[in-house]
Amino acid sequence: METHQVNDLLSFLKAELGPRFPPGARITDMATKTVVTPKDPLEVSALRGMPGPFVVEVFPREGLTWTAIAVALAASTASMILTSILTPDPPNATARNVQQESPNNGLSERTNQARVNGRVPDILGKVRSTADLLAQPYKIFENHVEKEIAFMCIGRGAYAIHDARDDTTPISQIAGASVEVYAPFTSPNSGHAPQLRIGNAINQPVISSKRINSVNGQVLQPQDVGSAIRRGMVFRSPNEVVSQDSELDFTELFIAGEVISIQGAAQTQGTYSFSPPEGATFRTDSAMRPAWGEVTFEGNHAAEWSAGQVVTLSNGAVSWTDHTGGDGDFDYTATGNVTGIYGVISASFAAGETTVRLDTTQNSAAWAAFRTAPNVVSGTPTLTRPSDIVQFDLSGMYTINTLTSSLLTLDNPSAVNPAWDTLQNDYGGVSVVMNPTISTTGERWVGWFTVESVQPITRVIANVIALNGLYKDNGRQQYRRDVVYRFEAQRVDGNGNPYGPVLAFNREIRGSAVTKVVRADTLDVELGGEPSKRWQMRARRLTNSDTDFEGSVVDEIQWRDLYACSAVDRTHFGDVTTVQSVTFATDGALAVKERKLNLLVTRKLPRRVSGSTFTTELYPTTDVADIISAVCLDPLIGNRAPAEVDFDNIYATAQAIRDYFGVDVAQFNYTIDSDNLSFEETLDMIAQAVFCRAYRRGSVIKLFFERASEDASLQFNHRNKLPGSETRTEGSAMENDGIEYPWIDPDDDSQVTIYLPEDRSAVNPKRYDSVGVRVREQAYIHAYRAWNKLQFQDVVTEFDALPEANLLAVSERIRVADNTRAQGSDGEIVDVAEDDGRLVALSQPYDWKPGGTYRIFLQSSDATIETMAVQSGGSARLALLEREPRTPIILRGEGYNPTTYIIGEGTSPREAMPFLVDEKGAPNDDGTIPLKAINYDARYYQNDLDFHA
Numbered sequence: 018m019e020t021h022q023v024n025d026l027l028s029f030l031k032a033e034l035g036p037r038f039p040p041g042a043r044i045t046d047m048a049t050k051t052v053v054t055p056k057d058p059l060e061v062s063a064l065r066g067m068p069g070p071f072v073v074e075v076f077p078r079e080g081l082t083w084t085a086i087a088v089a090l091a092a093s094t095a096s097m098i099l100t101s102i103l104t105p106d107p108p109n110a111t112a113r114n115v116q117q118e119s120p121n122n123g124l125s126e127r128t129n130q131a132r133v134n135g136r137v138p139d140i141l142g143k144v145r146s147t148a149d150l151l152a153q154p155y156k157i158f159e160n161h162v163e164k165e166i167a168f169m170c171i172g173r174g175a176y177a178i179h180d181a182r183d184d185t186t187p188i189s190q191i192a193g194a195s196v197e198v199y200a201p202f203t204s205p206n207s208g209h210a211p212q213l214r215i216g217n218a219i220n221q222p223v224i225s226s227k228r229i230n231s232v233n234g235q236v237l238q239p240q241d242v243g244s245a246i247r248r249g250m251v252f253r254s255p256n257e258v259v260s261q262d263s264e265l266d267f268t269e270l271f272i273a274g275e276v277i278s279i280q281g282a283a284q285t286q287g288t289y290s291f292s293p294p295e296g297a298t299f300r301t302d303s304a305m306r307p308a309w310g311e312v313t314f315e316g317n318h319a320a321e322w323s324a325g326q327v328v329t330l331s332n333g334a335v336s337w338t339d340h341t342g343g344d345g346d347f348d349y350t351a352t353g354n355v356t357g358i359y360g361v362i363s364a365s366f367a368a369g370e371t372t373v374r375l376d377t378t379q380n381s382a383a384w385a386a387f388r389t390a391p392n393v394v395s396g397t398p399t400l401t402r403p404s405d406i407v408q409f410d411l412s413g414m415y416t417i418n419t420l421t422s423s424l425l426t427l428d429n430p431s432a433v434n435p436a437w438d439t440l441q442n443d444y445g446g447v448s449v450v451m452n453p454t455i456s457t458t459g460e461r462w463v464g465w466f467t468v469e470s471v472q473p474i475t476r477v478i479a480n481v482i483a484l485n486g487l488y489k490d491n492g493r494q495q496y497r498r499d500v501v502y503r504f505e506a507q508r509v510d511g512n513g514n515p516y517g518p519v520l521a522f523n524r525e526i527r528g529s530a531v532t533k534v535v536r537a538d539t540l541d542v543e544l545g546g547e548p549s550k551r552w553q554m555r556a557r558r559l560t561n562s563d564t565d566f567e568g569s570v571v572d573e574i575q576w577r578d579l580y581a582c583s584a585v586d587r588t589h590f591g592d593v594t595t596v597q598s599v600t601f602a603t604d605g606a607l608a609v610k611e612r613k614l615n616l617l618v619t620r621k622l623p624r625r626v627s628g629s630t631f632t633t634e635l636y637p638t639t640d641v642a643d644i645i646s647a648v649c650l651d652p653l654i655g656n657r658a659p660a661e662v663d664f665d666n667i668y669a670t671a672q673a674i675r676d677y678f679g680v681d682v683a684q685f686n687y688t689i690d691s692d693n694l695s696f697e698e699t700l701d702m703i704a705q706a707v708f709c710r711a712y713r714r715g716s717v718i719k720l721f722f723e724r725a726s727e728d729a730s731l732q733f734n735h736r737n738k739l740p741g742s743e744t745r746t747e748g749s750a751m752e753n754d755g756i757e758y759p760w761i762d763p764d765d766d767s768q769v770t771i772y773l774p775e776d777r778s779a780v781n782p783k784r785y786d787s788v789g790v791r792v793r794e795q796a797y798i799h800a801y802r803a804w805n806k807l808q809f810q811d812v813v814t815e816f817d818a819l820p821e822a823n824l825l826a827v828s829e830r831i832r833v834a835d836n837t838r839a840q841g842s843d844g845e846i847v848d849v850a851e852d853d854g855r856l857v858a859l860s861q862p863y864d865w866k867p868g869g870t871y872r873i874f875l876q877s878s879d880a881t882i883e884t885m886a887v888q889s890g891g892s893a894r895l896a897l898l899e900r901e902p903r904t905p906i907i908l909r910g911e912g913y914n915p916t917t918y919i920i921g922e923g924t925s926p927r928e929a930m931p932f933l934v935d936e937k938g939a940p941n942d943d944g945t946i947p948l949k950a951i952n953y954d955a956r957y958y959q960n961d962l963d964f965h966a
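In this note's numbering, the protein residues as written are 18 to 966.
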């Protein structure tokens, strides 16, 4: 007995006993005299909150008596199946976390993705690896073609690479695509050559990039394009300008945050109209796109018109006499129409006539029709303008807050022009339809955007694209159109204030005289000077629009991507295999398609020489013996000493599997991706894939191969079963009538499902989930074993066995007598005869039948159970033991845990029959082992030899 004063019971026990609490041991809370040994994580948390004191009982490992030996078996977990109630189950049909798993194990669409805080994949055997993203991919343009650069992780350790694909297409068949695989302890930053290169050299270091979501395709507008001249608009209080022209789109002209000028936004009391009584004559300048036109009529009316006024010209039909030309030249009457809204440039009076010159730039095509007319152009127009009584004028310089295609929302316009208050207070908050001119002022920047990063931002990558191409076309010939833009960056301090020089970079996107597809440019620059984690960045177009070209001009550019990048100082990333890839987009696409880079790989592991000696050189292998050996010795998984692994048994069992089935199904092909999977669960998962169970004898790990057998490992009857603990169920508890067994076919890595019955007639099939199975024969045998057990399982027995059951492995054959009808009685030992330690007094009377055979099970103070023959001691409350107990009897009142007993009849009502151990639970508090077994039937294995030649 040892006494310890500790602050944390669980930490103390872990330090003393290791990470696993010994089976059979128990913890008693002395404050309540109850057993508080935790059986699940919730009970572990509850134990932490108990004040104690506690008694912790751990059974000794040595001893000469039968009881001590049984305790030693329980304490050392001799032949214990490698499972634990305190850890989750390995991946199976009902316990697969699709969100956390590697796409390697997925049975559906597999894409390259970041598994944040996920386990680095441990690939065992051969799998098609859909690599995990290690860094944010970034996109650049090379010769106007988009490509994405990604850096990914295949998994821990070294691998043989058999192929590389984008989805199902080999990388070697994709023009411009490149893949470079780097072995452990190398990377693009280390200067080492890649283990494998497909395509051209990538020549890009590993960087940490962060895409800035604020930049998402904003148009960089030309400085001269942002104007809406004399278009119908309504002003609404408190800050809205609403377009009445369905052909006007504000989003094509303006951007949020820029300053605009609104002119000619005066509402007047009525209008003034004039129709020349004698009609009027019209003329314009001779340019292809006339900038002015004149209306001349009799009388002195110059005072009625002045520069800056907006005139609506109605009844604008005009005519003139023209000539056909040629040999048959004759006169004809030509017509046109100049109805529209114009700005007045000037008004004058001379020679008895008034001439009003108008700005025709917004309707130049109508006036160009008669720019070379040989005779007088005449018409009977009506000229209408606002009256001279102004009610309010909303003209001014405003900042755009938000905008849609037909609505501008201004930033606090009443602070700029109090006339907005007049609109609200005196005119109901809504103006009449007016024809103002709205134009931009200053430089048309997109940004600033503030960019932050955990690491100093040392590099910036920006993509500016012309999605529809860059060209001019007059219908006869296409011309190249080049566009220049500027990018600026400036440091920002912790308070959000910019400081230091503004770094400016001018770039040109070159157009094409041949194609009409995407043209693009990537700005990729180092940000020199003082390191900073915060920057502000912006961009604008420098090239003006081309309004002089006679034809169509396509030159819209968009700022699509912005990446803030930090240098990665590490030259490699440890014992992991990585891959860098370059994927090109299809011509004309705005973005690279979904990433589906995958590689067929085989893990390289040491090869066994003999005994526990393995090579230092690594070899690709799918052999389950190589894999189990490596997992056991791996310091990050098993971390077992060679003496704790029976390599002879493991390699012999693998060969026995191949010999028995007549085909190599002793393979495991899977990606260990869960960080919540213990070594024991990993080992059991691998073993089950090859029809085995992993177990320990003493401290040595071995494999048990399940197959047809005529021999039973143990027999259970009234001597080694706890009386009254056995139950039997006739028939199968499962309600399924078929099997579905999906697995991955290595020929095309597609999911294939085995259905049994093959005609798929099952209404409620049980669906399994293959783990580590990529061999057709292996999947077939698993499916048929499950199907046969579903058909031929008809008896289930459950009971608590004495500690010798620790010698069993799940799936071993045993023989079990039927003790479900045995009678028993239990109680406490209340006295022991002073002159004979075998004679004990019982707390409850027992009906001793003459000539009967009985056994007693004594549970001592250390929770172990001892069994022996017993007979009547001369009365119903006296029992004579076969021998004195090896552990002293504790009477009621002498200790916190008195000796208890169970007496049962010493015969088995029915003959023992063969069973298979189906489940083996953790030891009970009394050291007994819960067992569940199904009836043994050789037909379970009737399809095992289907692949023998």
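Just so you know, even glycine gets a beta-carbon here, dropped at the ideal spot from N, CA and C.
It should be emphasised that the depicted structure is a prediction, and the values quoted were computed from it without experimental measurement.
Just to confirm, is the Cβ distance from residue i to residue j under 8 Å?
| i | j | result |
| --- | --- | --- |
| Ala673 | Ala955 | no |
| Thr457 | Ser290 | no |
| Thr560 | Val501 | yes |
| Phe252 | Ala283 | no |
| Ile703 | Ile667 | no |
| Asn823 | Lys783 | no |
| Val934 | Ser828 | yes |
| Gln507 | Ser583 | no |
| Val857 | Ala796 | no |
| Val833 | Phe721 | no |
| Val407 | Thr285 | yes |
Could you check how far apart the C-beta atoms of residue i and residue j are, in whole angstroms? I think they sit under 8 Å.
| i | j | result |
| --- | --- | --- |
| Ile919 | Arg620 | That pair is no contact at about 53 Å. |
| Ala537 | Glu163 | 7 Å |
| Thr377 | Gly310 | 4 Å |
| Tyr958 | Arg802 | 7 Å |
| Gly296 | Ser365 | Contact flag wrong, Cβ pair sits at about 19 Å. |
| Pro307 | Ser381 | 5 Å |
| Ile946 | Lys937 | 7 Å |
Between residue i and the rest of its own chain, which residues show a CB-CB distance below 7 Å, the 5 nearest in sequence each way excluded?
| i | result |
| --- | --- |
| Glu543 | Thr475 and Arg476 |
| Pro774 | Gly755 |
| Trp437 | Ser254, Pro255, Leu411, Pro430 and Ser431 |
What does DSSP give as the partner residues of residue i in its beta bridges?
| i | result |
| --- | --- |
| Ala711 | Leu720 |
| Leu540 | Ala479 |
| Ile277 | Tyr415 and Thr457 |
| Gln597 | Phe168 and Glu197 |
| Val72 | Thr45 |
| Trp462 | Arg557 |
| Lys143 | Thr619 |
| Phe733 | Val833 |
| Ile188 | Ile188 is not bridged to any residue. |
| Ser842 | Ile920 |
Residues in the same chain with beta-carbon distance under 6 Å from residue i, minus the five sequence neighbours each way, listed in chain order, please.
| i | result |
| --- | --- |
| Ser742 | Phe816 and Asp817 |
| Asp439 | Looking at the sequence itself, residue 439 is Thr, so the reference to Asp does not match. Around Thr439: Phe409. |
| Ser889 | Trp865 |
| Thr670 | Leu720 and Phe722 |
| Leu739 | Asp817 and Thr945 |
Please list, in chain order, all residues of the same chain as residue i whose beta carbon is under 8 Å from its beta carbon, the five residues on each side excluded.
| i | result |
| --- | --- |
| His21 | Phe29 |
**OP:** Entirely within the stretch 539-588 and at least 3 residues each: give me those beta strand (DSSP E) ranges in chain order.
**Re:** You should have 551-558, 569-571 and 575-584.
Subject >> Runs of alpha helix (DSSP H) lying entirely within the stretch 609-663, each at least 4 residues, in chain order >> reply: As for any alpha helix (DSSP H) of minimum length 4 sitting wholly inside the stretch 609-663, the runs are 641-650, ordered along the chain.
Original post:
Could you give the uninterrupted runs of the alpha helix (DSSP H) lying entirely in the stretch 422-459, keeping only those of 4 residues or more?
Top reply: Every alpha helix (DSSP H) stretch that sits fully inside the stretch 422-459 and reaches 4 residues is listed by chain position as 436-443.
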